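Residue numbers (UniProt numbering): 1 to 172.
Yeah, the Cβ is synthetic: ideal placement off N, Cα and C, and Gly gets one too.
These numbers were taken from a predicted model, which means no experiment stands behind them.
Here is the structure:
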């Protein structure tokens, strides 16, 4: 994590409007010490009724402007917002409504995150959904902590429709 990413994440979680949001994605894996892969973005997810994307966006933009950062909206709806934040570095910040966590969050140096096993399951699902290089890198790193059958079981816990048949277990 770059110092700017750490500052942005911590600043976001200082906002009252961040209540209900959890850090997800690659940054959460780093915060949970499950990988050390560099990441280009910060993902903050809340479940419907627990967080408000427009309120969090507006509060973040105001606080970022007060710090002299530039914020540009790339995509903006009531359930998803992608921002590009320019300060000492550039980073992408996503705010989204998503399914509620299955487990209590974990407090990390960046702020509240999905717990380790939930992150691992979500990452396996991401690997099979989009198969980006970062997903392969992350699942490889996760395999040092969780054996393959456990990773597949964690994915199934996140998405009961996830098919752990022979067809899917070979690529992992």
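For a cut-off of 8 Å, the C-beta gap from residue 1 to residue 24 is around 14 Å, too long to register as a contact. Shown here, residue 89 sits in coil according to DSSP, grouped into three states, outside any helix or strand. Each residue's CA atom was taken as its position, placing residue 101 and residue 88 some 33 Å apart. Exposure of residue 136 is indicated by the presence of fewer than 16 other C-beta atoms within 10 angstroms of its C-beta.
When C-alpha distances from residue 54 are compared across 117, 94, 4 and 105, the shortest belongs to 94. Residue range 41-46 is occupied by the beta strand (DSSP E) that includes residue 42, with no alpha helix (DSSP H) assigned at that position. Inclusion of residue 76 and residue 84 in the CB contact set at 9 Å is not warranted, their separation being larger than that value. Looking at the backbone, the Cα of residue 117 and that of residue 57 are separated by about 28 Å. 9 Å or more divides the Cβ of residue 39 from the Cβ of residue 10. Straight through space, the alpha carbons of residue 46 and residue 104 are spaced by roughly 13 Å. Linking residue 115 to residue 156 through their CA atoms gives a straight-line distance of about 16 Å.
Residue pairing of residue 54 in beta bridges, as defined by DSSP: absent, with no partner found. Between residue 34 and the set 151, 158, 141 and 163, the nearest pair of CA atoms involves 141. Of all alpha-carbon atoms in 7, 99, 62 and 124, the one lying nearest the alpha-carbon of residue 20 is that of 99.
Inter-residue distance for residue 67 and residue 41 is about 19 Å (C-alpha atoms, whole angstroms).
With a threshold of 16 other beta carbon atoms within 10 Å, residue 163 falls short and is exposed.
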